[in-house]
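*Asks:* Just passing along the structure, written as structure tokens.
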Amino acid sequence: MDVTQILDPLNPAQRLAVGSPTPTLLVLAGAGSGKTRVLVHRIAWLIRAEGIPPQRILAVTFTNKAAHEMRGRIEALLTIPTRDLWVGTFHGLAHRFLRRHAREAGLADTFQILDADDQHRVVRRLIKGLGLDETRWPARQAQWYINAQKEEGRRVRHLSEPHDPFERQMLQIYQAYEEICDRSSLVDFAELLLRAYELLRDTPELLGFYQQKFQHILVDEFQDTNRIQYLWLRLLSQDRENLFAVGDDDQSIYSWRGAMVENLQHFQRDYPSHTLVRLEQNYRSTGHILAAANALITHNQNRLGKNLWTELETGEALSLYNAFNEQDEAYFVVNRIQSWSRDGHARRDAAILYRSNAQSRQFEEKLVAMGIPYRVYGGLRFFERAEIKDALAYLRLVANPQDDASFERIINTPVRGIGAKTLDILRGLARTERCSLWHAMATLCADEAIPTRARKPLLQFKLLMEDLADSTSGLELWEQTQRTVQKSGLIEHYRKEPYEQAAQRIENLEELTSAARQFEHEPTLDAELPVLDQFLAHAALESGESQSEATDDCVQLMTLHAAKGLEFKLVFMVGLEEGLFPSLQSLEDTVRLEEERRLCYVGITRARQKLYLTYAESRRIYGKETYPRPSRFLREIPPEHLDEVRLRGSTTPSAIMPDSTMKQSASKQALRIGQRVRHVKFGEGVILQSEGEGTQARVQVNFAGAGVKWLMLAYANLQAVA
DNA sequence: TGTTAATAAATTTTT
DNA sequence: TTTATTAACA
Numbered sequence: 047m048d049v050t051q052i053l054d055p056l057n058p059a060q061r062l063a064v065g066s067p068t069p070t071l072l073v074l075a076g077a078g079s080g081k082t083r084v085l086v087h088r089i090a091w092l093i094r095a096e097g098i099p100p101q102r103i104l105a106v107t108f109t110n111k112a113a114h115e116m117r118g119r120i121e122a123l124l125t126i127p128t129r130d131l132w133v134g135t136f137h138g139l140a141h142r143f144l145r146r147h148a149r150e151a152g153l154a155d156t157f158q159i160l161d162a163d164d165q166h167r168v169v170r171r172l173i174k175g176l177g178l179d180e181t182r183w184p185a186r187q188a189q190w191y192i193n194a195q196k197e198e199g200r201r202v203r204h205l206s207e208p209h210d211p212f213e214r215q216m217l218q219i220y221q222a223y224e225e226i227c228d229r230s231s232l233v234d235f236a237e238l239l240l241r242a243y244e245l246l247r248d249t250p251e252l253l254g255f256y257q258q259k260f261q262h263i264l265v266d267e268f269q270d271t272n273r274i275q276y277l278w279l280r281l282l283s284q285d286r287e288n289l290f291a292v293g294d295d296d297q298s299i300y301s302w303r304g305a306m307v308e309n310l311q312h313f314q315r316d317y318p319s320h321t322l323v324r325l326e327q328n329y330r331s332t333g334h335i336l337a338a339a340n341a342l343i344t345h346n347q348n349r350l351g352k353n354l355w356t357e358l359e360t361g362e363a364l365s366l367y368n369a370f371n372e373q374d375e376a377y378f379v380v381n382r383i384q385s386w387s388r389d390g391h392a393r394r395d396a397a398i399l400y401r402s403n404a405q406s407r408q409f410e411e412k413l414v415a416m417g418i419p420y421r422v423y424g425g426l427r428f429f430e431r432a433e434i435k436d437a438l439a440y441l442r443l444v445a446n447p448q449d450d451a452s453f454e455r456i457i458n459t460p461v462r463g464i465g466a467k468t469l470d471i472l473r474g475l476a477r478t479e480r481c482s483l484w485h486a487m488a489t490l491c492a493d494e495a496i497p498t499r500a501r502k503p504l505l506q507f508k509l510l511m512e513d514l515a516d517s518t519s520g521l522e523l524w525e526q527t528q529r530t531v532q533k534s535g536l537i538e539h540y541r542k543e544p545y546e547q548a549a550q551r552i553e554n555l556e557e558l559t560s561a562a563r564q565f566e567h568e569p570t571l572d573a574e575l576p577v578l579d580q581f582l583a584h585a586a587l588e589s590g591e592s593q594s595e596a597t598d599d600c601v602q603l604m605t606l607h608a609a610k611g612l613e614f615k616l617v618f619m620v621g622l623e624e625g626l627f628p629s630l631q632s633l634e635d636t637v638r639l640e641e642e643r644r645l646c647y648v649g650i651t652r653a654r655q656k657l658y659l660t661y662a663e664s665r666r667i668y669g670k671e672t673y674p675r676p677s678r679f680l681r682e683i684p685p686e687h688l689d690e691v692r693l694r695g696s697t698t699p700s701a702i703m704p705d706s707t708m709k710q711s712a713s714k715q716a717l718r719i720g721q722r723v724r725h726v727k728f729g730e731g732v733i734l735q736s737e738g739e740g741t742q743a744r745v746q747v748n749f750a751g752a753g754v755k756w757l758m759l760a761y762a763n764l765q766a767v768a
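Note that my numbering gives residue 240 to position 194 of the first sequence, counting from 1, and the numbers run on in steps of one.
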């Protein structure tokens, strides 16, 4: 293959990045500017043009999906297998590193990974164990605190005696949590990164080895890196300055999870030899869409600055629909999707994007009513399902009896008569003896002083687990999984649930065996490590698809966050209202508001051909009727790119005025819900609802200036506005 | 031990 | 409004 083939399909800026003679680059890649393409071609270039062996290249992403896509595209471009390339997520790579050097990292070989849900359970149990009031010290908050500390690299010992009582309590929880994790050899997501970083930092031989090994390091979505991720990259690349970072400050939407856009500046400071490349040509969206996005984002301060342009046609302006309420909004959107689909377009090319998951319901209902297939992203994923986690907990406890989290999960699932009392004794013993629950149980089983009634089920559980360990050792992974599921009694346990649910759960448990079977043939398996450990890690790190495969032709529903990195021909951004988008929690704070604006920018730039923006006059939130104002983001888009959709009264003919009252109103036009009206004193507004008849008829109007008012029709003298 | 009524809370979530 | 959690009960 001729190396020019790698450069030829690129534009000048992309070519500059891909063919760069220096390894240190910061690529500011605007939305739809070919970011992944540049990464893929860069790696191809390094291998083909510079002769770098694939095993000396490290490429880091945030999601498994991105990692898979990158691998696939490199293979397609180079037509060679990419086994030797180090491509993976931060967490996946950190995990691989820790498995290889578990002892040096102070971990058992059989250490297990806690996902967010596991972590929450551990923290909650611990707060109870400390005798704290759970309403005053919610587990979520403590969990958040712990992760935030770890993401900043702060261990308990770094946080000496805070004066603030809140901080002090959190610190105590953090400390207790760490003790449990250490004792059980459990590692949460943040710990994977932090421990990998610390091990590298404190072990010169290892650091030297990996620094030598990786001649080139590439990172995707650099704006999303947190402090530890940056420090880890810096550690590996500091002596050679061989870091190739691709990112977009305008698409930084995860600061609330510890992502630091500032790392873009840190990069420029810490790698003085770097070249800065801007990718500003957009290949995705038509002119109006791009112009709207550009205009919106200029309202943010402190940008690195970038202006996207396109050679594509101007296209259609954005359509703005002012719905009467959330029902009407959903009705409008689904109608448009139906005609789009009737025109012969694929449903999968249409997406509904919202700020919060709760908004999906209205759309789902209307889609169901119209018989349009759809898919909601962001639900429970396969390995996150309760029954699957139960089964995995059995496997985990066999692999590592110290794993208290798994022990707690299955000690009485299915119920085997081990109640709260016995558990308290176990926990107490584990705490005083500083041992695992498994060990405490073994002690208790042998203790003659304990009544047989409590001991018997414990003994049975112990025997079950020992039997599982014996009878499955040496078996292949899928067989081990199958036996474990069968012997655990989980199937019988779930059969007691309502039929449909039970059937689904049992099906999932059976599916787990197929997943294990499939996993054994993964090309990325590490021959050096036990397959079971790898499978369990895979379950935690890559929890699988949330719903049916995207092979079906479905309309796509997801949050704006989930839409990052995707594109659709037709996009609906819904609920553009103050308090919803931007969210209530962001209204007061400029920094958070700017993040909401970036989120809006991300949403707009998902659209390739047509973008609809919708907002509602009234919306039920938590069962209460609210009358939000249109989102400020709508005002930030220049009107020349916006077309207001006016179909009020034609598609939603909800006339509310009987003829007699109509005559009493000064207007010749029928007043109906959604009708725009003018009032002498309050100005313009929209009718929300009505009640009463004749001279008693009243309407509720949402005035732009004066808010929501009830008015007597007979006296209000409302003028209909076209 | 499992079900039911009451009560409080309520963004976004790559791993 | 929905959802989760807990206290009370059979």
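Glycine is no exception: its CB is placed at the ideal position from the N, C-alpha and C atoms.
Look at the alpha carbon of Asn348 and the alpha carbon of Phe679, and state the distance between them as a whole number of angstroms.
*Replies:* Their backbone Cα atoms lie some 18 Å apart in a straight line.
*Asks:* If you measure between the beta carbons of Ala75 and Leu325, is that distance less than 7 Å?
*Replies:* Their beta carbons are under 7 Å apart, which means Ala75 touches Leu325 by this criterion.
*Asks:* Under three-state DSSP, which class holds Ile383?
*Replies:* Of the three classes helix, strand and coil, the one that applies to Ile383 here is helix, per DSSP.
*Asks:* Quick one: using the 10 Å Cβ neighbour count with 16 as the cut-off for buried, is Asp450 buried or exposed?
*Replies:* Classification of Asp450: buried, given that the 10 Å Cβ count is 16 or more.
*Asks:* Looking at the structure shown, is Leu734 part of a helix, part of a strand, or coil, going by DSSP?
*Replies:* If DSSP states are grouped into helix, strand and coil, Leu734 belongs with the strands.
*Asks:* Between Ala396 and Phe614, which are expected to be in contact by the criterion C-beta below 8 Å, what is the C-beta distance as a whole number of angstroms?
*Replies:* 6 Å between Cβ atoms; contact.
*Asks:* For Leu217 and Arg182, I'd like the C-alpha separation in whole angstroms.
*Replies:* C-alpha separation (whole angstroms): 15 Å.
*Asks:* Smallest Cα separation from Pro628: which of Leu606, Ser664, Lys533?
*Replies:* Residue Leu606 is the option with its Cα nearest to Pro628.
*Asks:* Whole angstroms is fine: what's the gap from Ser664's alpha carbon to Gln165's?
*Replies:* So the alpha carbons of these two residues sit roughly 39 Å apart.
*Asks:* Just the Cα atoms here: how many angstroms apart are Tyr658 and Ala369?
*Replies:* The straight-line gap from Cα to Cα measures roughly 12 Å.
*Asks:* Determine the burial state of Trp278: buried for a count of at least 16 other Cβ atoms within 10 Å of its Cβ, exposed for fewer.
*Replies:* Looking at its Cβ environment, which holds 16 or more other Cβ atoms inside 10 Å, Trp278 is buried.
*Asks:* Please classify Thr478: is it buried, with 16 or more other beta-carbons within 10 angstroms of its beta-carbon, or exposed?
*Replies:* Thr478 comes out exposed.
*Asks:* Judging by CA-CA distance, which residue of Gly740, Gly738, Ala752, Thr741 is the nearest neighbour of Leu731?
*Replies:* As written in the sequence, residue 731 is Gly, which differs from the Leu given in the question. Ranking Gly740, Gly738, Ala752, Thr741 by Cα distance to Gly731 puts Ala752 first.
*Asks:* Put Glu663 into one of helix, strand or coil per three-state DSSP.
*Replies:* In this structure, Glu663 counts as strand in the three-state DSSP scheme.
*Asks:* Candidates Gly65, Val617, Glu623: which alpha carbon is nearest Val648's?
*Replies:* Comparing Cα-Cα distances from Val648 to each of Gly65, Val617, Glu623, the minimum goes to Val617.
*Asks:* Based on Cα-Cα distance, which residue from Leu426, Thr672, Ser387 lies nearest to Leu734?
*Replies:* Among Leu426, Thr672, Ser387, the Cα nearest to that of Leu734 belongs to Thr672.
*Asks:* Quick one, which of Glu251, Glu686, Thr50, Glu634 has its alpha-carbon nearest Leu336's?
*Replies:* Answer by Cα proximity: Glu686.
*Asks:* Would the beta-carbon of Arg722 fall within 7 Å of that of Val767?
*Replies:* Contact flag set, yes.
*Asks:* Could you compute how far the alpha carbon of Gln746 sits from the alpha carbon of Met758?
*Replies:* The alpha-carbon atoms of Gln746 and Met758 are separated by roughly 9 Å.
*Asks:* Roughly how many angstroms separate the alpha carbons of Val49 and Ala95, rounded to a whole number?
*Replies:* C-alpha separation (whole angstroms): 6 Å.
*Asks:* Can you tell me which of the three DSSP states Tyr300 falls into?
*Replies:* DSSP places Tyr300 in coil when its eight states are reduced to three.
*Asks:* Whole alpha helix (DSSP H) runs in the segment 346–395 with 4 or more residues, listed along the chain?
*Replies:* Complete alpha helix (DSSP H) runs here, min 4: 372–388.
*Asks:* How would you label Ala59, buried or exposed, when you count the other beta carbons within 10 angstroms and need 16 or more for buried?
*Replies:* Per the 10 Å Cβ criterion, buried.
*Asks:* I need the straight-line Cα distance from Asp130 to Asp598, nearest angstrom please.
*Replies:* Those two C-alpha atoms are separated by around 34 Å.
*Asks:* With a cut-off of 8 Å, do at least 3 Cβ pairs link the segment 558–567 to the segment 356–366?
*Replies:* Touching, no, given that fewer than three Cβ pairs across the two stretches are closer than 8 Å.
*Asks:* Assign His334 to one of three DSSP states: helix, strand, or coil.
*Replies:* Helix at His334.
*Asks:* With DSSP as the reference, identify every bridge partner of Ser629, one or two as the case may be.
*Replies:* Gly625, Leu626, per the DSSP bridge assignment.
*Asks:* Let me know if Thr498 comes out buried or exposed under the rule of 16 or more other beta-carbons within 10 Å of its beta-carbon.
*Replies:* Exposed: under 16 other Cβ atoms inside 10 Å.
*Asks:* Assuming Leu505 and Cys491 form a contact by the criterion Cβ under 8 Å, report the distance between their Cβ atoms to the nearest whole angstrom.
*Replies:* Yes, Leu505 and Cys491 are in contact; Cβ-Cβ is about 5 Å, under 8 Å.
*Asks:* Quick check on Pro318: buried or exposed, where buried means 16 or more other Cβ atoms within 10 Å of its Cβ?
*Replies:* Answer is exposed; the Cβ neighbour count stays below 16.
*Asks:* Return the residue from the list Leu626, Val84, Leu630 that minimises the CA-CA distance to Glu267.
*Replies:* Among Leu626, Val84, Leu630, the Cα nearest to that of Glu267 is on Val84.
*Asks:* Can you find the residues in the same chain that come closer than 7 Å, C-beta to C-beta, to Leu587, ignoring five residues on each side of it along the sequence?
*Replies:* Cβ neighbours of Leu587 beyond the five flanking positions: His137, Gly138, His141, Ile159.
*Asks:* With a cut-off of 8 Å on the beta carbons, I'd call Leu413 and Val380 a contact; round off their distance for me.
*Replies:* Between Val380 and Leu413 the Cβ distance is about 6 Å, and since that is below 8 Å, they are a contact.
*Asks:* Indicate the three-state DSSP secondary structure (helix, strand or coil) for Gln547 in the structure shown.
*Replies:* Helix, per DSSP.
*Asks:* Contact between the segment 526–540 and the segment 99–117: three or more CB pairs below 8 Å?
*Replies:* As far as the Cβ criterion goes, the segment 526–540 does not touch the segment 99–117, which means the pair count is below three.
*Asks:* If you follow the beta strand (DSSP E) that Ala105 is part of, which residue opens it and which one closes it?
*Replies:* Looking at the DSSP string, the run of the beta strand (DSSP E) that includes Ala105 is 103–107.
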